[in-house]
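Engineer: First to last, the protein sequences are chains A and B.
Take 13 as the starting number for the first sequence in my numbering and just add one per residue.
Take 13 as the starting number for the second sequence in my numbering and just add one per residue.
2 protein chains.
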Amino acid sequence: MAPVPIIDRDRDGPPPSLEPLFRLLLTLGCARLCGYRGERHIALAAAVEFIHTATLLHDDVVDASDLRRGRDTANAVWGNKPAVLVGDFLFARSFQLMVEDGSLQVLEILSRTAAIIAEGEVHQLITANDTATTEAAYLEVIEAKTAALFAAASRIGAVLAERPIEEEEALGRFGRNLGIAYQLVDDMLDFSARPSEFGKSVGDDFRDGKITLPIVLAYARGDSEERAFWRRTLEEGEQGPGDLERALRLVERHGALAETLARARAYAAAAIDALSPFPASPLRRALAESAAFATERGF
Amino acid sequence: MAPVPIIDRDRDGPPPSLEPLFRLLLTLGCARLCGYRGERHIALAAAVEFIHTATLLHDDVVDASDLRRGRDTANAVWGNKPAVLVGDFLFARSFQLMVEDGSLQVLEILSRTAAIIAEGEVHQLITANDTATTEAAYLEVIEAKTAALFAAASRIGAVLAERPIEEEEALGRFGRNLGIAYQLVDDMLDFSARPSEFGKSVGDDFRDGKITLPIVLAYARGDSEERAFWRRTLEEGEQGPGDLERALRLVERHGALAETLARARAYAAAAIDALSPFPASPLRRALAESAAFATERGF
């Protein structure tokens, strides 16, 4: 019998984000890589995803988004109130799951990470629509937005297996670098994906005025006329017909997409290197392959 | 030298809510009542207040409120985004403070309470503007909204002092009953306070369509013409000149305010009774007096 595909695009519509799947792989896979044989990693993986889901619910309220990856957002369907409150509930439930698990170390990692994520979102508010955003500021944003939770998910495995701090830190580096690579590719795909494969429309970030690395690089490499274009479309939010196409041409012409991908590959390589303290095994290879896949995916 | 008043109304404007002061008294006072002599209760009191502040920030976004007790709300001054995100940050910081403290029991109490508060707010969304709200449904809402965190603040003291579960539960009953009494009086004052003393304008709840006990009672005791008035003004939100005055007359005429106060006094008495396992002391007397004051306050 042929295997049943997990995602049937005809049935399920636009593909979901791969991000939760990657993070689940980290929480579950890193625990096993460390030799953990129990089942606590399952509830903790749920705790990690509850935190992420809470931030998505709040993000969509904050950004007044009606669609996420081609589907109606919770705030679009039920309004802002339930979206904010259910986010709060998931956040609280996440901590309840951690408390039931009973590890203060895990609680420390995830409460710190939750604070980093919220701080990062405030930071992102400040840099939003600012074409003078530097690559360093952009990296800080995606570290908080994506990499911190990837790192936390990975570290938990070492905590569960009671491995030495060196291994916990190695897994933290693995998750952090993989998270940055993942987000860089996401930001690149926003300009270059084939919409049928990617779950979002091309140009979503551009329309939202999000300053991602392709734009940071194209802005830095552009002439004064191009910079005026970026300021008009992103800072002032004045976008008209043909602007998205021009943006796509500019990031392409300045090699900003290729450069973004090259950076992503470097972070993915650093993620793979971070696994070196662990003996070779099929699981280590699978985790390394997931890091490589994060940069080669088309969706 | 005359003592410096904590609150100078000429200088500070409308009086702040007494609610955080009550809760602080519970967290700090119950710890001392249990014989706790350390300083952990201070950071944990901050953790409790961070949770409360986070819910206020989110409530004002959810209700699109511009004013809270006569002052501009965070969302009015800075917009929804920072208000939601800073709420998330405070929530995360609250758990960080608890993790630093290191008591899984405290973490269990406060993560459960945070989930109850969020669930209760969703419940309140469902009952909002529904004049058929029963007294039982109203009590469920205020238990989650106010009493749960009062109870949690009180229990923490017994946990810190490593007292038996019976004392922890007694303090939980003390805080819970005091919280209900406090909220009942708040809801009564919304119809009867002298505005110069109360930090809110009289009728705020009526204008927001909030179904509080005075209205539940007046509705139950009213004739069909009065019920049509309540449905128009609260369910359909159609309010015109003279409606607030009529609402005030109706809750007064049906004895709904006196009855609300009588219920509040019964809960305050139950709170005081809950302190009976503790030997008489100036601190126990002060806590009992605070419960009595909760129902006699004019603001």
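A virtual CB, placed ideally from N, CA and C, is assigned to each residue, including glycine.
With 16 as the cutoff for other CB atoms within 10 Å, does residue 68(A) come out buried or exposed?
Structural biologist: Within the first sequence, residue 68(A) is the residue found at index 56, counting from 1. Label assigned to residue 68(A): buried.
Engineer: Check whether the Cβ atoms of residue 59(A) and residue 182(A) sit closer than 8 angstroms, and answer yes or no.
Structural biologist: The count along the first sequence starts at 1 and reaches residue 59(A) at position 47. The count along the first sequence starts at 1 and reaches residue 182(A) at position 170. Cβ atoms of residue 59(A) and residue 182(A): not closer than 8 angstroms.
Engineer: Using a Cβ cut-off of 8 angstroms (strictly closer), state whether residue 87(A) contacts chain B.
Structural biologist: By one-based count along the first sequence, residue 87(A) stands at place 75. Judged by the 8 angstroms Cβ criterion, residue 87(A) is not in contact with chain B.
Engineer: Does residue 120(A) have its Cβ less than 8 angstroms from a Cβ in chain B?
Structural biologist: Within the first sequence, residue 120(A) is the residue found at index 108, counting from 1. Judged by the 8 angstroms Cβ criterion, residue 120(A) is in contact with chain B.
Engineer: What are the complete beta strand (DSSP E) segments, minimum 3 residues, inside the segment 117-172 of chain B?
Structural biologist: For the beta strand (DSSP E) assignment, the segment 117-172 of chain B encloses no uninterrupted run of at least 3 residues.
Engineer: Return yes when the Cβ of residue 226(B) is within less than 8 angstroms of the Cβ of residue 199(B), no when it is not.
Structural biologist: Numbered from 1 along the second sequence, position 187 holds the residue referred to as residue 199(B). Numbered from 1 along the second sequence, position 214 holds the residue referred to as residue 226(B). In contact: residue 199(B) and residue 226(B) (Cβ atoms closer than 8 angstroms).
Engineer: Measure the CB-CB distance between residue 123(A) and residue 104(B) and report whether it falls below 8 angstroms.
Structural biologist: Within the first sequence, the letter at position 111 stands for residue 123(A). Within the second sequence, the letter at position 92 stands for residue 104(B). Their beta carbons are under 8 angstroms apart, which means residue 123(A) touches residue 104(B) by this criterion.
Engineer: Alpha helix (DSSP H) containing residue 67(A): first to last residue?
Structural biologist: As a working mapping, residue 67(A) is identified with position 55 in the first sequence. Looking at the DSSP string, the run of the alpha helix (DSSP H) that includes residue 67(A) is 52-74.
Engineer: On the DSSP bridge list, what partners appear for residue 79(A)?
Structural biologist: Taking the first sequence and counting its residues from 1, the one referred to as residue 79(A) is at position 67. For residue 79(A), which the question treats as bridged, DSSP gives the partners 84(A).
Engineer: Out of 300(A), 232(A) and 144(A), which one is the CA nearest neighbour of residue 271(A)?
Structural biologist: Counting from one through the first sequence, the residue named residue 271(A) turns up at place 259. When only C-alpha atoms are compared, the closest one is 232(A).
Engineer: Which residue spans inside the segment 192-259 of chain B form an unbroken alpha helix (DSSP H) run of at least 4?
Structural biologist: 216-220, 225-233 and 236-242
Engineer: Just to confirm, are residue 100(A) and residue 276(B) a CB contact at a threshold of 8 angstroms?
Structural biologist: Along the first sequence, one-based indexing puts residue 100(A) at 88. Along the second sequence, one-based indexing puts residue 276(B) at 264. It is not a contact, given that the beta carbons lie outside the stated cut-off.
Engineer: So, for residue 115(A): in the same chain, excluding its five sequence neighbours on each side, which residues have a beta-carbon less than 7 angstroms away from its beta-carbon?
Structural biologist: As a working note, residue 115(A) is residue 103 in the first sequence. Within the same chain, residue 115(A) has close Cβ partners 171.
Engineer: Report all residues from its chain with a CB closer than 6 angstroms to the CB of residue 13(B); omit the five preceding and five following residues, and keep chain order.
Structural biologist: The residue given as residue 13(B) occupies position 1 in the second sequence. Note that residue 13(B) scores a pLDDT of 47, beneath 50, so its modelled location is shaky and nothing firm can be said.
Engineer: Taking three-plus beta-carbon pairs below 8 angstroms as touching, is the segment 231-246 of chain A in contact with the segment 142-156 of chain A?
Structural biologist: yes
Engineer: What residues from chain B crowd round residue 96(A), counting only those whose CB sits closer than 8 angstroms?
Structural biologist: Looking up residue 96(A) in the first sequence gives position 84. Within 8 angstroms of the CB of residue 96(A), the CB atoms of chain B belong to 70, 73, 74 and 96, in sequence order along the chain.
Engineer: Following a CB-centred definition, is residue 36(B) positioned closer than 7 angstroms to any heavy atom of the ligand GTP?
Structural biologist: Among the components of this structure there are no ligands whatsoever, and the ligand GTP is therefore not found.
Engineer: For residue 309(A), which of helix, strand or coil comes out of DSSP?
Structural biologist: Here residue 309(A) is taken as the residue at index 297 of the first sequence, counted from 1. Residue 309(A) falls in the coil class under three-state DSSP.
Engineer: With a threshold of 8 angstroms between beta-carbons, can residue 263(B) be considered close to chain A, or not?
Structural biologist: Your numbering for residue 263(B) matches position 251 in the second sequence. Contact of residue 263(B) with chain A is not assigned, every C-beta pair being separated by 8 angstroms or more.
Engineer: What are the boundary residues of the alpha helix (DSSP H) that residue 174(A) is part of?
Structural biologist: By 1-based counting over the first sequence, the position of residue 174(A) is 162. Segment: none, residue 174(A) is in no alpha helix (DSSP H) and carries neither H nor E.
Engineer: Hey, would you say residue 193(A) sits closer than 8 angstroms to residue 39(A), going by beta carbons?
Structural biologist: As a first step, residue 193(A) must be located in the first sequence, where it is residue number 181. As a first step, residue 39(A) must be located in the first sequence, where it is residue number 27. No, Cβ-Cβ distance for residue 193(A) and residue 39(A) is not below 8 angstroms.
Engineer: Excluding the five sequence neighbours on either side, which residues of its own chain have a C-beta within less than 7 angstroms of the C-beta of residue 163(A), listed in chain order?
Structural biologist: In the first sequence, the residue the question calls residue 163(A) occupies position 151. If we look at residue 163(A) and ignore the five residues flanking it on each side, its Cβ neighbours are 184, 187, 188 and 191.
Engineer: Could you please give the first and the last residue of the uninterrupted alpha helix (DSSP H) stretch that includes residue 275(B)?
Structural biologist: Within the second sequence, the letter at position 263 stands for residue 275(B). Where residue 275(B) is concerned, the enclosing alpha helix (DSSP H) stretches over 268-286.
Engineer: List the residues of chain A that residue 100(B) touches, going by C-beta distances under 7 angstroms, in chain order.
Structural biologist: Here residue 100(B) corresponds to residue number 88 of the second sequence, with the count starting at 1. Taking a Cβ-Cβ threshold of 7 angstroms, the residues of chain A close to residue 100(B) are 70 and 130, in chain order.
Engineer: Does the separation of the CB atoms of residue 179(A) and residue 289(A) fall below 8 angstroms?
Structural biologist: Looking up residue 179(A) in the first sequence gives position 167. Looking up residue 289(A) in the first sequence gives position 277. In this structure, residue 179(A) places its C-beta atom within 8 angstroms of the C-beta atom of residue 289(A).
Engineer: Just to confirm the assignment, what range does the alpha helix (DSSP H) spanning residue 44(B) have?
Structural biologist: In the second sequence, residue 44(B) corresponds to position 32, counting from 1. Taken as a continuous stretch (DSSP letters only), the alpha helix (DSSP H) holding residue 44(B) covers 31-45.
Engineer: Does any residue of chain A have a CB that is nearer than 8 angstroms to the CB of residue 59(B)?
Structural biologist: In the second sequence, the residue the question calls residue 59(B) occupies position 47. No, no contact with chain A.
Engineer: So, for residue 259(B): in the same chain, excluding its five sequence neighbours on each side, which residues have a beta-carbon less than 6 angstroms away from its beta-carbon?
Structural biologist: On the second sequence, residue 259(B) is found 247 positions in, with the first residue counted as 1. The residues are 218.
Engineer: In this structure, does DSSP put residue 302(B) in helix, strand or coil?
Structural biologist: Position 290 of the second sequence, counted from the start, is the residue given in the question as residue 302(B). Helix.
Engineer: So residue 94(A) is in the alpha helix (DSSP H); what residue range does that whole segment cover?
Structural biologist: Taking the first sequence and counting its residues from 1, the one referred to as residue 94(A) is at position 82. From DSSP, the alpha helix (DSSP H) with residue 94(A) extends over 92-113.
Engineer: With H, G and I counted as helix, E and B as strand and the rest as coil, what does DSSP make of residue 182(B)?
Structural biologist: Working through the second sequence from its first residue, we reach residue 182(B) at position 170. Residue 182(B): helix per DSSP, three-state reduction.
Engineer: Return helix, strand or coil for residue 297(A), following the three-state DSSP convention.
Structural biologist: Against the first sequence, residue 297(A) aligns to sequence position 285. Helix, per DSSP.
Engineer: Would you verify that the beta carbon of residue 92(B) is, or is not, closer than 8 angstroms to some beta carbon of chain A?
Structural biologist: Working through the second sequence from its first residue, we reach residue 92(B) at position 80. Chain A contact via Cβ: present.
Engineer: Can you give the beta carbon distance from residue 93(A) to residue 137(B), rounded, assuming they're within the 8 angstroms contact cut?
Structural biologist: Against the first sequence, residue 93(A) aligns to sequence position 81. Against the second sequence, residue 137(B) aligns to sequence position 125. Right, their Cβ atoms sit about 5 angstroms apart.
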